[in-house]
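Numbering (the numbering used here), first residue to last: 126 to 279. What follows is a short report on a single structure.
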Amino acid sequence: MEPQETTDEATVENGAEVVEVAIAAKPIIEIPVKPLSPTPEIAKSIATSLPPTNDSLPESNPLWEQVQQLWQDYFGEGKKDNLTLAIALIAAIPFLIATSALLEFLNKLPLLPSIFELVGFGYSLWFVYRYLLLASSRKELIDGIAAWKNKVFG
């Protein structure tokens, strides 16, 4: 059954044909594109207008300089064997994994997590009472930390 001219199908079909013909009937215009390159005068002006770049690091702050100085003091040439440091760091990884596995095992036991929490809470209360409650004990704690820092960092 062919669609007739008066039906919607025929109108749509005829409209599609008209559109196809209209699109195919338009000529394709090609415009050659020439890449633009700056002339020597423009390139020279661009090169002279840019500020000179400095490939070195920007001005560093005093904290960064202090970190670099500490790094050189402790890990610089002749201070410590870097191989020994690397071995110690690599050896610490299995130790931390084993410790984590042990604590995870102990945490799964029925009564131990509660006991660990009570011990931690009790130690926190004792620390506050011993070191943070009075001004003289706070001074003692600060002096102890300062002495430890001097002993470790020199």
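No residue lacks a Cβ here, since even glycine has one placed at the ideal position from N, Cα and C. Given the structure is predicted, the values throughout are model-derived calculations rather than measurements.
Under 8 Å by Cβ, that's how I've got residue i and residue j pegged, so tell me the actual separation to the nearest angstrom.
| i | j | result |
| --- | --- | --- |
| Ser-262 | Arg-255 | 6 Å |
| Leu-243 | Leu-237 | Contact flag wrong, Cβ pair sits at about 11 Å. |
I'd like the list of long-range same chain contacts for residue i, defined as Cβ closer than 7 Å, with 5 residues on each side in sequence excluded.
| i | result |
| --- | --- |
| Lys-276 | none |
In its own chain, which residues sit with a C-beta less than 8 Å from the C-beta of residue i, not counting the 5 before and 5 after it?
| i | result |
| --- | --- |
| Phe-241 | Leu-231, Asn-232 |
Excluding the five sequence neighbours on either side, which residues of its own chain have a C-beta within less than 6 Å of the C-beta of residue i, listed in chain order?
| i | result |
| --- | --- |
| Ala-217 | none |
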